[in-house]
Each structure stands twice: as C-alpha cells, then as structure tokens.
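Some notes on the structure that comes next.
Number of protein chains: 2
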Amino acid sequence: MNNPTITPYRQEQLTLEQTMLKMGGLCEAQLTDAITALETFDRDVAARVIANDPAIDRLEHDIEHQVTDIIAKRAPVPLVLRGIMGAMRIAGDLERIGDLAKNIAKRLTTLDAVAGQPKLVKGISRMADIAIAQLKTVLDAYSQGNVELAKSVWRRDEELDNLYNSVFRELLTYMMEDPRTISYCTHLLFCAKNIERIGDHCTNIAEIVTYIVTGVELGDGRPKGDHTSETSIEPTHDSV
Amino acid sequence: MNNPTITPYRQEQLTLEQTMLKMGGLCEAQLTDAITALETFDRDVAARVIANDPAIDRLEHDIEHQVTDIIAKRAPVPLVLRGIMGAMRIAGDLERIGDLAKNIAKRLTTLDAVAGQPKLVKGISRMADIAIAQLKTVLDAYSQGNVELAKSVWRRDEELDNLYNSVFRELLTYMMEDPRTISYCTHLLFCAKNIERIGDHCTNIAEIVTYIVTGVELGDGRPKGDHTSETSIEPTHDSV
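Going down the list, the protein sequences come from chains A and B. Converting from the first sequence to our numbering requires adding 1033 to each position, the first position being numbered 1. Converting from the second sequence to our numbering requires adding 1033 to each position, the first position being numbered 1.
Okay, here's the thing in structure tokens:
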C-alpha cells in the first residue's frame, strides 16, 4: 500500500526495506521449519522447506534490482546510498541463511532412513533456538535502526560457537562408541555446522546494520568461539 | 601506474578491476597453499595461510569503498553500474573462498596431531586441483569479459560435485572400518565440503561475469551434483 504523502523516491526506499524484511521473515520460518523437521523426522515439513527456497532466491534478485534501479535513477546522497548498499549486502547473508536451512532439510531424507536417536538432536535444538533468536533480533535491529540491539547479536554469537564446540565433541564421542551411528552423526555434524554458520551470518548482518546507522564499522574484536577445527577426540578402549 | 591518456573516472574503474583481480590472485594462492599444507602436513604453510587471511578481508573492504565512492561521485550509467555492482558481488564470493581456504588450514593443527594417512587425502587433492583450475578460469573470464569461459566454469562444477560425493562415501567407509580414524576423517569431510563450496562460489562468480557482460542472468538450469546430504553408508559386519 503506497502512502500518498511521501515522495516516490522515499517510497522506493521503503519498498526495499519491506522486501528485505519479508526475505528475513521467510528465512526465519524456513529455519524454524527445518529444525522442526529434524526434531520430529517429518519429511513433509522438510519437503516444504526445500520447495520454499527458490522464493528466497527470488527476493534476493528483487532486492538487487531495486538497489540498482534506485542508484541509476536517483543518484542517492551518501547516507541513502549506505542504506541501500547495506540492504543488498544483508540480502546476500539472508540468501545464505536460507540455503543453510534448506541443506538441513535435505539431510532429513537420510536421517529418516536410519534409526535416529532423538537424544543426539538435543544439542542441535539448543543451537537452533539461539540461531533463530539471533536472526529475529538482528532483523528487529535493522527495522528499528537499533545499534545496541545489533551489537547484542554480535556479542552473543560466542554462545552459539561454544555450544557448537560441545555438540561437535559429543557427536564425535557417539561415533567412537557406536560406529553404527557414524553415517547419522556425520549428517548431524553438518547440520550443527550449518547452524553455527547461520550465527556467523547474523553477526555479519549486525555489522552491516551498525554501519548503515552509524557509518562506522564494528571492528574485528568479536570473541570467536568455534574451535572445532582444532578439536580431536581420541577413541576410548571400548570403542575400537 | 596511472595512464595519463585515460580519464580519472575510467581510471577509477580500472583500479576497481585491478583490486578485484589482486584479491582473486590472493585467494588462488591461499587455496593452493592450504591444500599443500594438508597434503604435506606442513604447519608452517598452514600458519601462513591463516596469517594472510585478513589481507583478503581488507581487499573486500577496499572494493566496497571504491564501489560506493564511484557511485556517489559519478552516478554511473546502467552499463557501468552493472560492472561495478558485479565487482562488489564477486568480492563477496572471493572473501568466502578465502575464508574456506583458511578453515582448511586451521584443521591442520589437529590433523598433524594424529597419525594422518596420506591415501585419505588423495580424493581431496583431486577436488582441490579442479577447484583451483575453476578459480583461475573464472578470474580469466572476468578480466577478459569472456562469457564462454564463464559458462565453462558453470558447467564444470558438476564434476567437482561428483568427486565430492565419492570422497564423502570413501571417508565414511574408512570411519566404519576403523573407528580410530573418525576424528581425522571428520576433519577431512569438512575440508572436502569446503572445497565443494569453493566450487559453488566459482559458479556464482561465473554467473555474475555473464551478467556483467551480457546483462542477462544464467538460469537455474545448472546440473547439481552434490547428493551427499542424501548419502547413507551402512557399516559392514567387520566394522561393528
């Protein structure tokens, strides 16, 4: 619905913001559904997530076109330019979040086929709760232009990284103890990694929101907590 | 070195292209070094890759600033705008390629600590050869504005996906057969996945190059070959 009291140029900027928030909302729904599918072994929900992914890609293209159109037609002043270039970069992160959610859903095809053990998914559920909350918060930060909210997302990512470290160790330990779970746990490892990456994309968005609002970039001082690339678990005697 | 016979505006565009190609060359070197480190268990090379990564991030920032400056100062016509927005999107893919190479290098810290088996790395080396070739080719396609070359990268990605599928199965089988390799093979699985992702970023860049040159986007008709999210390996009787 267009508002007659605002200029067409301002309307274009609002439409861009709305498209981005719509894209963000869809990513949130996709991630929530992908995790529900994983928790309940629900293939129908997984299939829906996979089917919905192209809609996210189309919204990213919409945003790129809107941004290019505005720049070409309006030659925006630097402040506006920062906002619309930022929107395009955020759309790139959202597209990846959508992709990672779809990838979790795709793994269901396999996880359903083997005897899944719900206890193994618990850590991943906790990770997903945080990731979904982070995504919600950073979208709020964008729509409100709230830098403090953005910074809280940036800071909270370490919690997700720490949880990922413990899920990684836990799954490796299960695999050692019972090699029949190797295939299953490997897929869960990739799901956990995907959620950890979603957290990284939320912090990227938080950095972009901060830049849009203040013109200043958040430094590289964020505490990094993913140490799994340096993690090694030795098998116990029982397991070999 | 600036050329006195071209306008300052054209010079800005050339500088942007040069920065992007410099970033691409650095990514290529980082990926080559990360794989060498993995093949030879060379921690010094791995440490160098990790230390070099911030240089790639700085180049991405440079590119974003150059793009924003050109747009703000010059209000480019649509054809030029397409080129410089494309450069910014390519820089995003290159930054991720650099990150994935760094992540491979980081895993060396662990792989070195356990008894690595060189035969397990062979499939990954073959994948890396293709990924490095794809990156070289797509950067050539960019600098030459060669759409046919870009399309060849787009089409060849399936080969990398197929190789990834077989490496994935191979590593899972090793883990089943000898649970002592679980921790080691898990890290190799993530390395393989990283290289497969690098291939995806090369096809993204190929799509952007095609769009820059022709104004038309490559469709979604690319053959997709990564089926590992649907792969399950059952343990043999010997292994449990």
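Ideal placement from N, C-alpha and C gives every residue a C-beta, glycine not left out.
7 Å Cβ cutoff, residue i in contact with chain B
i, result
"residue 1215/A", "yes"
"residue 1105/A", "yes"
"residue 1140/A", "yes"
"residue 1041/A", "no"
Beta-carbon proximity check, residue i vs residue j, cutoff 7 Å
i, j, result
"residue 1141/B", "residue 1079/B", "yes"
"residue 1171/B", "residue 1239/B", "yes"
"residue 1235/B", "residue 1127/B", "no"
"residue 1209/A", "residue 1212/B", "yes"
"residue 1204/B", "residue 1182/B", "no"
"residue 1120/A", "residue 1053/A", "yes"
"residue 1137/B", "residue 1067/B", "yes"
"residue 1125/A", "residue 1060/A", "no"
"residue 1164/B", "residue 1228/B", "yes"
Spatial distance of residue i from residue j (CA atoms)
i, j, result
"residue 1216/A", "residue 1115/A", "46 Å"
"residue 1062/B", "residue 1044/B", "27 Å"
"residue 1090/B", "residue 1231/B", "16 Å"
"residue 1072/B", "residue 1162/B", "12 Å"
"residue 1064/B", "residue 1048/A", "40 Å"
"residue 1270/A", "residue 1193/A", "Bear in mind that the predicted position of residue 1270/A carries a pLDDT of just 42, short of 50, making it unreliable; the figure below should be weighed with that in mind. Whole-angstrom Cα-Cα distance: 31 Å."
"residue 1174/A", "residue 1191/A", "19 Å"
"residue 1219/A", "residue 1201/A", "10 Å"
"residue 1243/B", "residue 1199/A", "43 Å"
"residue 1098/A", "residue 1050/A", "13 Å"
"residue 1261/B", "residue 1102/A", "39 Å"
"residue 1108/A", "residue 1105/B", "7 Å"
"residue 1069/B", "residue 1123/B", "25 Å"
"residue 1197/A", "residue 1112/A", "38 Å"
"residue 1084/B", "residue 1143/A", "38 Å"
"residue 1184/B", "residue 1092/A", "24 Å"
"residue 1110/B", "residue 1117/B", "11 Å"
"residue 1077/B", "residue 1177/B", "35 Å"
"residue 1273/A", "residue 1250/A", "Reliability fails at residue 1273/A, whose pLDDT of 31 lies under 50, so the model's placement of it is uncertain and the value that follows must be treated cautiously. Cα to Cα, residue 1273/A sits roughly 50 Å from residue 1250/A."
"residue 1155/A", "residue 1100/B", "45 Å"
"residue 1058/B", "residue 1207/A", "42 Å"
"residue 1160/B", "residue 1226/A", "21 Å"
"residue 1129/B", "residue 1129/A", "11 Å"
"residue 1248/B", "residue 1095/A", "15 Å"
"residue 1189/B", "residue 1224/B", "20 Å"
"residue 1139/A", "residue 1087/A", "14 Å"
"residue 1082/B", "residue 1074/B", "13 Å"
"residue 1233/B", "residue 1041/B", "35 Å"
"residue 1237/A", "residue 1186/A", "10 Å"
"residue 1039/A", "residue 1259/A", "46 Å"
Closer than 6 Å: residue i CB and nearest the ligand MG heavy atom
i, result
"residue 1192/B", "By its list of ligands, the structure shown contains no ligand whatsoever, and the ligand MG lies outside what it can speak to."
CB contact check: residue i to chain A, cutoff 7 Å
i, result
"residue 1125/B", "yes"
"residue 1262/B", "yes"
"residue 1269/B", "Any reading at residue 1269/B must be qualified, since the residue scores a pLDDT of 46, below 50, and its modelled position is unreliable; the value itself is stated next. Chain A, which has no Cβ nearer than 7 Å to the Cβ of residue 1269/B, makes this no."
Please give the ranges of any alpha helix (DSSP H) in the region 1061-1124 of chain A, keeping only runs that are unbroken, at least 4 residues long and fully inside the region. Complete alpha helix (DSSP H) runs here, min 4: 1076-1107.
Residues, ordered as in the chain, of the region 1094-1120 of chain A that lie near chain B by beta-carbon distance below 7 Å: For the region 1094-1120 of chain A, the set of positions with a beta-carbon nearer than 7 Å to some beta-carbon of chain B reads 1101, 1104, 1105, 1108, 1111, 1114 and 1118 in chain order.
Anything in the region 1061-1076 of chain B with a Cβ closer than 7 Å to a Cβ of chain A? List those residues in chain order, please. Near chain A, meaning a CB-to-CB distance below 7 Å, no residue of the region 1061-1076 of chain B qualifies.
Interface residues of the region 1180-1212 of chain B facing chain A [CB-CB below 7 Å]: Contacts with chain A (Cβ-Cβ distance below 7 Å) from the region 1180-1212 of chain B involve 1205, 1208, 1209 and 1212, listed in chain order.
Where are the alpha helix (DSSP H) runs, 4 residues long or more, that stay fully inside the region 1132-1199 of chain A, in chain order? The region 1132-1199 of chain A is shown to contain whole alpha helix (DSSP H) runs of 4 or more residues at 1151-1177, in chain order.
Residues within the region 1235-1253 of chain B neighbouring chain A, beta-carbon criterion of under 7 Å: Among the residues of the region 1235-1253 of chain B, none has a Cβ less than 7 Å away from any Cβ of chain A.
Members of the region 1218-1232 of chain B near chain A, C-beta cut-off 8 Å: Those would be 1219, 1220, 1222, 1223 and 1226, in chain order.
Using a Cβ-Cβ cut-off of less than 9 Å, list which residues of the region 1083-1094 of chain A approach chain B; keep chain order. For the region 1083-1094 of chain A, which is checked against every Cβ of chain B, the residues closer than 9 Å are 1087, 1090 and 1094.
So within the region 1200-1236 of chain A, which uninterrupted alpha helix (DSSP H) runs reach at least 4 residues, ignoring any that extend past its ends? Within the region 1200-1236 of chain A, no complete alpha helix (DSSP H) run reaches 4 residues.
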